[in-house]
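Input: a single structure, listed below in structure tokens.
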Ligand code: SF4
């Protein structure tokens with residue numbers, strides 16, 4: 001929890017003249033020849049002006065707004081400037097939540113500097129220039145100096161020798177770090193050591209620890225003092241899930257009367273769903289138990305604090321955990337990593353009694369702990385064990401109505417087993433936690449609609465009827481900067497999502513990518529197709545002296561994109577997240593090839609349950625879910641091409657269904673430019689004339 005904020009002044013209590021003044025400022029900032037243009041020499045963008053007006057109106061009126069702001073609108077300034085002015089004026093907290101770290105960094109390091117520079121330009125805006133902003137991440141991301149000292153004192157009990165060096169590294173880092181955040185530490189800390197020294201403990205209390213020495217308390221204090229608090233969606237929903245938020249009679253999402261903007265809002269339903277469900281992993285449970293007592297090394301929190309009986313309880317829980325997850329592993333059909341659970345009591349409750357006994361014993365030990373800190377740590381361990389027990393129980397009984405349950409295996413050797421659940425439809429909970437208590441809420445992203453309508457997103461996000469929804473198109477001149485080709489002779493993917501004709505695909509991708517001097521991003525929907533095509537063209541592509549980058553091989557996702565951008569003439573193959581997250585301006589990304597239309601395979605239990613639900617209610621699952629979802633993802637893929645107003649390039653669609661099926665027209669209609677050209681193997685040398693920067 002972040003703790004109480006300063007007494008909020010309800011925006012409705014701002015005088016009508018103060019609100020009118022804010023609206024006037026917003027107008028003067030974004031208008032043609034307004035302060036942004038004349039003062040900061042930023043281009044006037046009508047879409048940005050419209051969005052800023054809508055945001056200002058919405059926040060001043062305490063209402064909700066969904067706004068799709070196409071690439072190049074400058075949406076962050078369109079919400080930051082009105083939000084900051086209202087936050088300062090009304091002394092209400094302004095919360096901005098993003099999905100990615102890169103957007104958080106852009107806001108904190110670049111956009112807020114622009115806001116400050118603008119506020120300093122004129123006397124009318126000067127009162128806002130000293131706004132305070134802070135970034136808050138989940139507390140497990142901060143180093144806890146108290147636990148670090150304790151871990152050092154008890155390292156012989158806690159860790160095996162190999163970990164002592166890692167602990168020393170953290171001690172050295174602790175002396176020089178300013179914020180104590182895990183992400184600063186390179187290489188990242190070892191999981192076990194970080195678990196023992198991070199701030200994720202109920203021992204946390206500003207009563208005993210001062211913000212002067214504690215990174216987490218300092219971050220919370222900064223957030224309490226700040227006008228703007230930047231968080232990520234994951235933390236936002238974790239906090240809401242843990243009961244954060246104003247009292248019931250007060251309005252506000254995270255703080256009383258807060259103003260809230262969720263950017264990259266297209267990810268909200270999925271992230272919220274994750275937090276609204278249960279999740280237990282074999283790895284996580286074993287780690288938690290071994291941190292209490294490791295029978296092999298005889299190390300752990302209870303090594304000295306507990307007796308033989310306590311060690312036996314932990315050992316029994318470890319054994320039960322292994323037996324239980326072995327029994328779960330046997331449920332997986334061959335070559336399947338996901339299995340939806342449909343019948344309750346699908347596995348014996350082998351963990352229940354051992355975890356219950358351990359949790360009870362930890363509670364007793366906490367009562368008789370020698371000091372308050374030790375008692376807090378024991379209660380913390382008890383809470384974690386009890387939470388696992390409860391989640392396992394929920395997943396065995398398929399206890400929650402409207403939830404989907406499944407087991408999943410991950411890891412290189414597929415040995416980590418997860419029990420998962422998620423609401424089939426997160427909309428009711430989203431409405432309850434975001435829209436109903438809101439005192440001013442904006443959800444925005446570059447892609448929320450299928451090109452014309454936001455209906456699909458509105459129903460997934462749980463927005464109440466009559467919530468204002470607005471689409472501001474990108475200011476780019478797509479008719480002149482984008483050329484679209486569709487392959488007329490592509491073999492149709494077999495029904496049921498079978499493999500495409502890989503030889504045709506490899507040949508066509510090689511040809512199309514080779515026709516541009518700059519780089520090509522090829523977006524796949526299947527990892528298997530992607531790897532098979534890469535294998536076929538890699539040698540010939542390398543002979544051209546051009547690099548091929550393949551998702552999941554050699555580099556992390558971020559590094560892949562960086563190498564691709566730097567190469568300038570590479571070929572990048574990606575699936576899933578590459579449809580949304582790649583931002584490579586300039587000729588280094590001159591062409592986007594859409595290998596297949598992004599219809600999601602209903603192999604994921606949540607999607608499968610959504611489709612079933614629509615069918616069972618007499619609806620058309622393809623028309624209501626599959627097609628709208630694919631259109632949004634298609635638009636996100638297209639959106640990788642033109643990132644700046646100096647960019648130009650080519651979209652190449654290799655899925656013949658776009659030409660042969662009735663719904664293909666919807667995909668063409670979702671493109672930002674009207675014309676497309678069809679090419680085949682026979683005429684491609686003449687017809688396929690891609691557009692790219694000179
Ligand atoms: S408040 Fe104390 S226990 Fe919590 S993170 Fe800070 S130093 Fe650690």
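In my numbering, the protein residues as written are 1 to 694.
Ideal Cβ placement from N, Cα and C applies to all residues, glycine included.
- With fewer than 16 other CB atoms across the displayed protein chains lying within 10 angstroms of its CB, residue 646 is exposed.
- For the alpha helix (DSSP H) assignment, the uninterrupted runs of no fewer than 4 residues enclosed by the segment 122-154 are, from N- to C-terminal side, 145-153.
- With a cutoff of 8 angstroms on beta-carbon distance, residue 78 and residue 52 are scored as near each other.
- Here residue 649 is bridged, per DSSP, to 482.
- Counting along the chain, the unbroken beta strand (DSSP E) around residue 232 starts and ends at 228-232.
- In this chain, the beta strand (DSSP E) harbouring residue 442 covers 441-445.
- By the Cβ test, the segment 516-536 is in contact with the segment 594-610, since at least three Cβ pairs between them sit closer than 8 angstroms.
- Residue environment: residue 242 is assigned as exposed (fewer than 16 neighbouring CB atoms within 10 Å of its CB, all protein chains considered).
- For residue 198, the secondary structure class from DSSP, reduced to helix, strand or coil, is strand.
- At the C-beta level, residue 366 and residue 382 come within 8 angstroms of one another.
- Residue pairing by DSSP puts residue 574 in a beta bridge opposite 523.
- Bounds of the beta strand (DSSP E) holding residue 406 are 403-410.
- A distance below 8 angstroms between beta-carbons, with the five flanking residues on each side excluded, links residue 659 to the following residues of its chain, in chain order: 486, 488 and 678.
- Rounded to the nearest whole angstrom, the CA to CA distance from residue 234 to residue 265 is 12 angstroms.
- In this structure, the CA atom of residue 292 is about 36 angstroms from the CA atom of residue 269.
- For the set 184, 432, 628 and 274, the Cα lying nearest the Cα of residue 448 is the one of 628.
- Residues 133, 135 and 230 of the same chain have their beta carbon placed closer than 8 angstroms to that of residue 108, with the five preceding and five following residues left out of the count.
- Assigned with DSSP and collapsed to three states, residue 459 falls in helix.
- In this structure, residue 516 and residue 692 form a Cβ contact; the two beta carbons are roughly 5 angstroms apart against a cut-off of 8 angstroms.
- In the structure shown, residue 299 adopts extended strand secondary structure according to DSSP, grouped into three states.
- Taking 3 residues as the shortest admissible run, the segment 205-293 contains the following complete beta strand (DSSP E) segments, listed from N- to C-terminal end: 228-232, 259-262 and 279-281.
- The ligand SF4 approaches residue 145 closely enough that one of its heavy atoms is under 7 angstroms from the residue's Cβ.
- Under DSSP, residue 468 forms a beta bridge with 65.
- Placement of the Cβ of residue 217 at a distance of less than 7 angstroms from at least one heavy atom of the ligand SF4 is found.
- The beta carbons of residue 54 and residue 470 sit closer together than 8 angstroms.
- In the three-state reduction of the DSSP assignment, residue 549 falls in the strand class.
- When 336, 483, 318 and 247 are compared, the shortest CA-CA separation from residue 286 is found for 318.
- Here the distance from the Cβ of residue 209 to the nearest heavy atom of the ligand SF4 is below 7 angstroms.
- Contact between residue 632 and residue 450 holds: their C-beta atoms lie close to 6 angstroms from each other, under 8 angstroms.
- Between the C-alpha atoms of residue 454 and residue 62 there is a straight-line separation of about 22 angstroms.
- Counting of Cβ neighbours within 10 angstroms places residue 685 among the exposed residues, the total staying below 16.
- Scanning the segment 94-120 for uninterrupted beta strand (DSSP E) segments of 3 residues or longer gives 94-98, listed from N- to C-terminal end.
- Cβ atoms of residue 341 and residue 406 come within 8 angstroms of each other, at about 6 angstroms.
- By the C-beta density criterion, residue 559 is exposed, having fewer than 16 other C-beta atoms within 10 angstroms.
- As far as DSSP is concerned, residue 360 takes part in no beta bridge.
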